[in-house]
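See below for the structure under consideration.
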Amino acid sequence: MSGAFGRWYEQAGVRSGPRRIFVDDRAEGTVFFPRRLVPHLAHEAVRDLGDDVHEALTLRHLYQFLHSTTHVETRVVNQGAERIANGRSGVEVSVAERLDAFKVYADEGYHALYSLDLAAQVAAATGVAVPDWDYGTFVDRLARTAADALPDAPVLAQLLQVVVFETLVTAVLNELPADPSVVGTVRDLIRDHARDEGRHHRFFAAFFHRLWQGLGAGERRAVAGCLPGLILDCLRADVAPVRASLALAGLGRDAIEAVVADCYSAAGDPARIRQITRATVGMCRSAGVFAVPGAADGFAARGLDPEAAE
Numbered sequence: 228m229s230g231a232f233g234r235w236y237e238q239a240g241v242r243s244g245p246r247r248i249f250v251d252d253r254a255e256g257t258v259f260f261p262r263r264l265v266p267h268l269a270h271e272a273v274r275d276l277g278d279d280v281h282e283a284l285t286l287r288h289l290y291q292f293l294h295s296t297t298h299v300e301t302r303v304v305n306q307g308a309e310r311i312a313n314g315r316s317g318v319e320v321s322v323a324e325r326l327d328a329f330k331v332y333a334d335e336g337y338h339a340l341y342s343l344d345l346a347a348q349v350a351a352a353t354g355v356a357v358p359d360w361d362y363g364t365f366v367d368r369l370a371r372t373a374a375d376a377l378p379d380a381p382v383l384a385q386l387l388q389v390v391v392f393e394t395l396v397t398a399v400l401n402e403l404p405a406d407p408s409v410v411g412t413v414r415d416l417i418r419d420h421a422r423d424e425g426r427h428h429r430f431f432a433a434f435f436h437r438l439w440q441g442l443g444a445g446e447r448r449a450v451a452g453c454l455p456g457l458i459l460d461c462l463r464a465d466v467a468p469v470r471a472s473l474a475l476a477g478l479g480r481d482a483i484e485a486v487v488a489d490c491y492s493a494a495g496d497p498a499r500i501r502q503i504t505r506a507t508v509g510m511c512r513s514a515g516v517f518a519v520p521g522a523a524d525g526f527a528a529r530g531l532d533p534e535a536a537e
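Quick note: the sequence shown uses this note's numbering, first residue 228, plus one each step.
Right, dumping it as structure tokens:
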């Protein structure tokens with residue numbers, strides 16, 4: 228479908244990449260996660276709590292990011308990859324394409340492994356344990372959103388969700404590796420991840436074109452109508468660990484709810500959403516989604532730019 232895996236055996240992280248060993252370079256002024264991507268740090272209830280509290284909040288945000296990765300890769304993406312790999316997607320694929328789907332499956336398992344590995348290394352080096360929280364509640368939310376979107380076509384909904392996530396995640400990951408304010412090992416790990424995800428993006432974008440071509444008129448209307456919701460739901464923050472982290476920082480219940488309401492609105496920052504969703508919306512446009520009457524208006528109404536280029 229895409230030719231993205233032509234040199235997978237030589238280039239994939241699981242095949243040739245090094246294990247990233249944590250090096251604590253915070254003495255050089257680095258932080259565990261970009262402060263601009265930890266929205267609550269700038270809130271009036273948090274910003275004056277002091278450097279030590281901010282560092283702890285940032286570290287817990289890294290833990291959330293890494294542990295959430297283990298959940299989404301194994302419980303969301305690999306469900307769809309397995310369907311394609313084993314010929315259970317409802318979309319006709321060749322043996323070569325099934326092999327590519329298994330390569331995705333192998334990559335995602337490795338991403339989960341090294342995310343958990345780095346979190347454990349950081350905890351051991353800093354003496355700050357990973358809080359025993361459920362970092363995967365958002366997976367259940369994603370499943371509910373998909374089920375509600377296409378209640379009569381659960382497999383199609385699952386595949387669409389995977390396509391959406393895998394075409395969004397590269398833009399999310401690419402925000403971090405070039406940021407010199409972040410601990411070097413974290414940047415290296417996320418750069419490794421982004422490199423693999425670039426191949427996955429091409430694979431799933433091509434798969435979506437194939438899937439779309441096989442849909443009937445009624446299915447196309449339903450898919451075009453539900454895609455904006457699926458896209459935006461993949462970008463919604465999981466605020467349960469955020470609430471718990473703020474409680475550890477000493478905030479009371481009312482203050483926590485105020486921070487969450489102010490910093491994690493369902494809408495999010497419009498400019499950042501347009502930036503992150505650009506390739507995914509462009510994929511929809513190039514596949515022909517906006518040929519469905521009203522589809523472009525539906526995307527625009529949710530803050531997604533139907534003129535975005537893939």
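Glycine is no exception: its CB is placed at the ideal position from the N, C-alpha and C atoms. Computed from a predicted structure; not experimentally measured.
message: Going residue by residue through the region 371-424, where are the continuous alpha helix (DSSP H) segments of at least 4 residues, counting only ones entirely within it?
response: 381-400
- prompt: First and last residue of the alpha helix (DSSP H) that includes N305?
  reply: N305 to A312
Coil, strand or helix - V331 by DSSP: helix
field: For V258, the residue or residues it bridges with in DSSP
entry: V409
C-alpha gap between R247 and Y341, whole angstroms: 8 Å
message: Suppose you measure from the CA of A380 to the CA of V303; what does that come to, to the nearest Å?
response: 17 Å
- prompt: Which residue comes first and which comes last in the alpha helix (DSSP H) that contains Y236?
  reply: W235 to Q238
field: Within 9 Å, strictly: CB atoms of G452 and I500
entry: no
query: When you compare each of A523, S472 and T412 to V280 by their alpha carbons, which one comes out closest?
result: S472
message: Tell me the rounded alpha-carbon separation between Y236 and S243.
response: 8 Å
query: For A376 versus G456, is the C-beta distance shorter than 9 Å?
result: yes
- request: To the nearest angstrom, report how far apart P266 and C490 are at their CA atoms.
  value: 6 Å
query: Quick one: is the Cβ of E255 within less than 8 Å of any heavy atom of the ligand PLP?
result: Looking at this structure, you won't find the ligand PLP or any other ligand, since it has none at all.
task: Just tell me which of A474, R262 and R263 has its CA closest to the CA of L358.
output: Checking the displayed sequence, the identity of residue 358 turns out to be Pro instead of Leu. Comparing Cα-Cα distances from P358 to each of A474, R262 and R263, the minimum goes to A474.
query: If you draw a straight line from the C-alpha of D327 to the C-alpha of T301, how long is it?
result: 17 Å
message: I need the straight-line Cα distance from A283 to R368, nearest angstrom please.
response: 27 Å
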